[in-house]
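Below is one structure; the comments refer to it alone.
Residue numbers (my numbering): 6 to 594.
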């Protein structure tokens, strides 16, 4: 067991170091500013070392000698030094923020770019709250690390070296005595970071879990209220919140145990120096100004060590945050362009499934040796029980997932041999759950297309029977629909989604139960529009209503991941008992 613990510790330290190094690689783009920052840090440290010497001159040459001219001149010099240091510190803080905010900007863009490129299978397993937490709070920790935290570490280290050198020049004995407790101080700080880091990681994980619960409840607020589950959900969130509070309290206990100890050890050095230095002043071995300067220097030594109480936890938390961020950036999409993939030329729309098999996450196959062919311009209705593979077929054609066996051909091109963008540019799709963005109706219809004329948007909306209700909106096509289209009814959202697919003018049209959320009259109008607009396009429709089935040139009845029967509505009524059962049970009504 001890060996396993040791190996895990080594692994964790290696992972931590790796994440920190990767975080600093984002600074390369801002290396000019970063170099300027560290140059300014040296300047401000140099000024910090000069200030105690000015104080010593004020005390010895001005106050002790009762020389007002020297006192005034020395005070002017001290004021100029302080002003200079303040100006340098201002530029130091400004440039530090510019560089660190740039790092945060680039990391957020990298995360968003990665999340946009990952296949559906990743998002099926990922929790939205976790991704939100990593994209916001974890990135902020990296920003602090690459900015103020590491700068303070560098600045404090250099200040300690310069200060100790000045102390040695003034009085080697006192300088060495002042450093006696520094190893103990370093040990306590190191121990603090070692305990604090795993707590930080647990706290960040719990924050993500709490964010997930909150996000799910905000998204499903109507369902929660409809089932009167407010109290249950409040209790569930309270449990997650309590766990987070317990971890935070444990983290605070660790901090309150170590930070005061760091301060106490640092203060012991001050006590020793004042005692010994005071004796030397009394005995004439040290001037009063030198003692004042010495205690000022000692304060400069103690201050960087005290900062370790902030810097060490910040580095620990940033390393934990980095590990979480890089699990996203290192994720590999399961659906990617092949190295030799070529752009898919303009297609006619001939689709062929050849012995296709597919399973989600290595589970039981949803499709098992499925084969069928859709001719150019043919309307294919997919029919079957829940889990028979209807939506899977819709998802495989645009390569939202890759087949696990067999192949899918479009105009003779294996989908895995063409680029994703060139394939999806020629496919229009309306999902079962219409997804709209918090933008205007016009922007939602024209989504994914550049420089679309207003007349084309209106024509698509008219074809989808959406124009009339859009014109009744407060700002017509410029009306904002709210997050996820919350201000629209289900039927309205579905018609806007259909308009979006039609405006794209695709060669292959995928309709996943596209008329499921509309009333009978609206469905009739949409069916008329679809019948006209699907002419010349290869269309796949998941059928839930008889009107949809009657639009189809071919009906595929799916069972057990295979085609159990194929034909027209009239043909299948007489030749397929399974179809007749589905018809009498579901479609006829």
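Just so you know, even glycine gets a beta-carbon here, dropped at the ideal spot from N, CA and C. Computed from a prediction, not measured in an experiment: that's the story for all the values here.
Could you say if the region 177–193 and the region 139–152 meet the contact criterion of at least three C-beta pairs nearer than 8 Å? The region 177–193, when compared against the region 139–152, does not touch it at the 8 Å Cβ threshold.
Whole-angstrom distance between residue 104 and residue 98, CA atom to CA atom: 10 Å
Enumerate, from N- to C-terminal direction, the unbroken beta strand (DSSP E) stretches of 3 or more residues contained entirely within the region 464–515. none
Apart from the five residues on each side of it in sequence, which residues of its chain come closer than 6 Å, Cβ to Cβ, to residue 248? 211
Neighbourhood of residue 123 by C-beta distance below 7 Å, restricted to the same chain and skipping five residues each side: 336 and 338
Could you name the residues that DSSP lists as bridge partners for residue 359? 412
Completely contained alpha helix (DSSP H) runs for the region 24–100, where each covers 4 or more residues: 36–62
Measure the alpha-carbon distance for residue 270 versus residue 193 and round it to whole angstroms. 10 Å
Exposure of residue 302, with buried meaning 16 or more beta-carbon neighbours within 10 Å: Buried, by the Cβ-count rule.
Helix, strand or coil: how does DSSP classify residue 211 here? helix
Tell me which same chain residues have a C-beta within less than 7 Å of the C-beta of residue 451, skipping the five on either side of it? 457, 462 and 508
With a threshold of 8 Å, are at least 3 pairs of Cβ atoms found where one atom belongs to the region 264–282 and the other to the region 112–123? Not touching, per the Cβ criterion.
Where does residue 148 sit, in a helix, a strand or coil, going by DSSP? helix
Closest by CA to residue 513, which one among 140, 589, 355 and 564? 355
Top-ranked residue by Cα proximity to residue 540, from 558, 493, 229 and 88: 558
Out of curiosity, what's the CA-to-CA distance linking residue 2 and residue 399? The requested residue 2 is not part of the displayed model; the chain covers only 6 to 594.
Taking three-plus beta-carbon pairs below 8 Å as touching, is the region 289–301 in contact with the region 47–63? A contact exists between the region 289–301 and the region 47–63.
Who does residue 435 pair with in a DSSP beta bridge? 516
Using the DSSP secondary-structure output, state which residues sit across from residue 377 in a beta bridge. 358
Between the region 472–489 and the region 433–448, do at least 3 Cβ pairs fall closer than 8 Å? Between the region 472–489 and the region 433–448 there are three or more inter-stretch CB-CB distances shorter than 8 Å, so the stretches are counted as touching.
Return the bridge partner residues of residue 547 from the DSSP annotation. 387
Please list the segments of the alpha helix (DSSP H) lying wholly inside the region 211–285, counting only runs of 4 or more residues, in order along the chain. 226–231
Roughly how many whole angstroms lie between the Cα atoms of residue 205 and residue 264? Spanning the two alpha carbons is a distance of roughly 16 Å.
Taking only the alpha-carbon atoms, compute the straight-line gap between residue 304 and residue 275 and give it to the nearest angstrom. Looking at the backbone, the Cα of residue 304 and that of residue 275 are separated by about 8 Å.
Give the straight-line distance between the Cα atoms of residue 364 and residue 554, rounded to the nearest whole angstrom. Linking residue 364 to residue 554 through their CA atoms gives a straight-line distance of about 27 Å.
Could you name the residues of the same chain whose beta carbon sits closer than 8 Å to that of residue 65, not counting the 5 residues immediately before and after it, in chain order? 292, 293, 294 and 295
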